[in-house]
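K.L.:
Going by this note's numbering, the first residue of the sequence shown is number 2, and it counts up by one from there. After the structure tokens below, expect a handful of questions from me.
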Amino acid sequence: MNPRTSTNNRTADVAAFFDGARLTLARHLAGLRKSDLAALVDKSPTAVAGWESGAKRPTAATVAQLAVSLSVDPGFFAVRPDDVAALSTTPHFRSLRSTSQLARDQAFAYGQLAVDIASSLERHVEFPEAEVPSFPVAVDDRDGYGPERAAQQVRGEWGIGDGPAGHLVRLLENRGVLVVFSPPQASSVDAYSFDSRLRPVVVLNPIKRDYYRQRFDVAHELGHLVMHSDAEPGGRIVEDQAHRFAAELLMPAEQIRDLLPSSMGANAWRTLARLKEQWGVSIQALLYRARWLGQLSDVSYRNAMTTISTRGWRRNEPGLVSVIEQPSLLSRAVELLTQEGIDEAQLIEQCRVPPDLFRTVTSRTPHHDSATSAAARTDTQPTGGRVVSLLERRQAGRELARRS
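Put into structure tokens, the structure is as follows:
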């Protein structure tokens, strides 16, 4: 059988088992609207909507055209055991107003792809069962102690005990939470999280490479998973509750209150620096905690934050730890399977996902390029707010188009 016949047979098979949800996933990963994709394949937006909803099924030739236009293997569109999107809750993004719908759709699609890859790997390795406590907190609860009680419950159920919480990413992974870094192209979206009936997910920003801030991000997203399974994402109260959860999880009031400074003399900064290293949180988080717990007055807090700004510590606080916490659940699975004779190429073929995205999802460290490296130094978005496709265009795709 020649290559052209093999390709045609493959696209015909995919057309027979075409899953519209997979087309939606690929379109979102590419950062495209239905009208954008329709223009690429020279079809109507109505046709694209019909394929995605399942009301219509594309021909084999159209499947090949879609694969080329979206830079994925035709097999990407084949039906999977689970529809991850249908099983997932709406993600919790930090600010809905500063993030476009296209960017949010892309970020959610990436998280779904991570779950899909994890589920594929679980056919060969056993991951921890998801054990995230549920402690719903009402979104209109501004002044109650729900977030603090939720954090205390997590510390108790997960056996954290007194003192610092230790390696937070590892703690989540051991309880079945999937933690991954987003691609550098999506760095405009801060850390986010969502739950699914397959596995809860936390996606970390790839350019925020600060050990202390990252730990607070992880705790913040865990707060959403614990408290806000049914809450509308993005609200100011919901985000404030997640911050309070993170503060109590990382700096329990009863354990840290008496350690915090009550005034900002010269000794106070040395105390804060010591507490920063002991508890793995930023000086700014400690100052905020001191004010929240009534140790520091509002005036002292504002003066301290002014000093923080003057010293240039808003973005770059001094600290001893320069390496961020790294996830290892997926990377370790790939390593173990490689040792058993199942190499990365076979796993990618099984997942039917672009190799670069497979490697990003399963990496211990965030991927980066020169543009995002520069952005990391200023903590800004390199693309100026544009939504950049996560699907790289490849020569193989152009060859497939030529054959079709």
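Just so it is clear, CB atoms sit at the ideal spot from N, CA and C, and this is done for glycine as well.
For Leu-114, count neighbouring Cβ atoms within 10 angstroms of its own Cβ and tell me buried if that reaches 16, exposed if not.
P.N.:
In the sequence shown, counting from the first residue as 1, residue 114 sits at position 113. The residue in question, Leu-114, is buried, as its Cβ has 16 or more Cβ neighbours within 10 Å.
K.L.:
Taking the CB atoms as reference points, tell me whether Glu-233 and Val-227 lie closer together than 9 Å.
P.N.:
Along the sequence shown, read from residue 1 onward, the residue named residue 233 stands at position 232. Along the sequence shown, read from residue 1 onward, the residue named residue 227 stands at position 226. For Glu-233 and Val-227, no; Cβs fall outside 9 Å.
K.L.:
If I measure Cβ to Cβ from Ala-13 and keep anything under 6 Å in the same chain, skipping five residues before and after, which residues do I get?
P.N.:
Numbered from 1 along the sequence shown, position 12 holds the residue referred to as residue 13. Only Ala-61 meet the Cβ criterion.
K.L.:
Do the CB positions of Ala-334 and Leu-41 come within less than 9 Å of each other?
P.N.:
Locating residue 334 in the sequence shown gives position 333, counting from the first residue. Locating residue 41 in the sequence shown gives position 40, counting from the first residue. No, the pair does not count as a contact, with Cβ atoms beyond the cut-off.
K.L.:
Pick helix, strand or coil for Phe-246, following the three-state DSSP scheme.
P.N.:
Position 245 of the sequence shown, counted from the start, is the residue given in the question as residue 246. Residue state, collapsed to three classes: helix.
K.L.:
Pick helix, strand or coil for Gln-213, following the three-state DSSP scheme.
P.N.:
Your numbering for residue 213 matches position 212 in the sequence shown. Correcting the residue type first, residue 213 is Tyr in the shown sequence and not Gln. In this structure, Tyr-213 counts as helix in the three-state DSSP scheme.
K.L.:
Decide if Arg-11 is buried, meaning its Cβ has at least 16 other Cβ atoms within 10 Å, or exposed.
P.N.:
Counted from its first residue, the sequence shown places residue 11 at position 10. With 16 or more other Cβ atoms within 10 Å, it is buried.
K.L.:
Using a Cβ distance threshold of 8 Å, determine whether the stretch 140-156 contacts the stretch 76-92, with at least three qualifying pairs required.
P.N.:
The stretch 140-156 is not in contact with the stretch 76-92.
K.L.:
Check whether the Cβ atoms of Gly-32 and Val-362 lie closer than 9 Å to each other.
P.N.:
Position 31 of the sequence shown, counted from the start, is the residue given in the question as residue 32. Position 361 of the sequence shown, counted from the start, is the residue given in the question as residue 362. No, these two residues do not count as a Cβ contact at 9 Å.
K.L.:
Which of helix, strand or coil does DSSP assign to Tyr-146?
P.N.:
For this step, residue 146 is matched to residue 145 along the sequence shown. Coil, per DSSP.
K.L.:
Identify the continuous alpha helix (DSSP H) that holds Val-85 and give its terminal residues.
P.N.:
By one-based count along the sequence shown, residue 85 stands at place 84. From DSSP, the alpha helix (DSSP H) with Val-85 extends over 85-88.
K.L.:
Which ranges would you report for the alpha helix (DSSP H) in the stretch 235-297 if only whole runs of at least 4 residues count?
P.N.:
Correct list: 237-251, 254-257, 267-280, 284-293.
K.L.:
What do you reckon, are the CB atoms on Leu-30 and Ala-110 nearer than 9 Å?
P.N.:
For the purposes of this step, residue 30 is identified with residue 29 of the sequence shown, where counting begins at 1. For the purposes of this step, residue 110 is identified with residue 109 of the sequence shown, where counting begins at 1. Yes. Within cutoff.
K.L.:
Any contact of the stretch 176-194 with the stretch 119-136, i.e. 3+ C-beta pairs under 8 Å?
P.N.:
With the cut-off at 8 Å, the stretch 176-194 and the stretch 119-136 touch.
K.L.:
Given a cut-off of 9 Å on the beta-carbon distance, is the pair Ala-119 and Leu-330 in contact?
P.N.:
Taking the sequence shown and counting its residues from 1, one reaches residue 119 at position 118. Taking the sequence shown and counting its residues from 1, one reaches residue 330 at position 329. Taking 9 Å as the Cβ cut-off, Ala-119 and Leu-330 qualify as a contacting pair.
K.L.:
Please check the pair Tyr-213 and Gly-281, which I expect to be a contact at CB under 8 Å, by giving their CB distance rounded to whole angstroms.
P.N.:
Here residue 213 corresponds to residue number 212 of the sequence shown, with the count starting at 1. Here residue 281 corresponds to residue number 280 of the sequence shown, with the count starting at 1. Between Gly-281 and Tyr-213 the Cβ distance is about 6 Å, and since that is below 8 Å, they are a contact.
K.L.:
Tell me where the beta strand (DSSP E) around Leu-30 begins and ends.
P.N.:
Indexing the sequence shown from 1 puts residue 30 at position 29. Premise fails: Leu-30 lies in the alpha helix (DSSP H), 21-30, not in any beta strand (DSSP E).
K.L.:
Among Pro-262, Arg-290, Gln-66, whose alpha-carbon lies nearest the alpha-carbon of Pro-75?
P.N.:
Here residue 75 refers to the residue found at position 74 of the sequence shown. Nearest option by C-alpha distance: Gln-66.
K.L.:
Using the Cβ count rule (16 or more neighbours within 10 Å means buried), how would you classify Gln-102?
P.N.:
Walking along the sequence shown from the start, residue 102 turns up at place 101. By the 10 Å Cβ count, Gln-102 comes out exposed.
K.L.:
CB-CB under 7 Å to Leu-337, same chain, minus the five flanking residues each way: which ones, in chain order?
P.N.:
Position 336 of the sequence shown holds residue 337. Cβ neighbours of Leu-337 beyond the five flanking positions: Val-126.
K.L.:
Which residue wins for smallest C-alpha separation from Glu-318, given the options Ala-305, Glu-345, Ser-283?
P.N.:
The residue given as residue 318 occupies position 317 in the sequence shown. The shortest Cα separation from Glu-318 among Ala-305, Glu-345, Ser-283 belongs to Ser-283.
K.L.:
How big is the Cα-Cα spacing for Glu-222 and Ala-243?
P.N.:
Within the sequence shown, numbered from 1, the residue matching residue 222 stands at position 221. Within the sequence shown, numbered from 1, the residue matching residue 243 stands at position 242. So the alpha carbons of these two residues sit roughly 7 Å apart.
K.L.:
Going along the chain, which residues of its own chain have a beta-carbon closer than 6 Å to the beta-carbon of Asp-218, five neighbours each way excluded?
P.N.:
Taking the sequence shown and counting its residues from 1, the one referred to as residue 218 is at position 217. Ala-192.
K.L.:
Can you give me the Cβ contacts of Ala-269 inside the same chain, cut-off strictly under 6 Å, excluding the 5 residues immediately before and after it?
P.N.:
Locating residue 269 in the sequence shown gives position 268, counting from the first residue. Same-chain partners within the cutoff: Pro-262.
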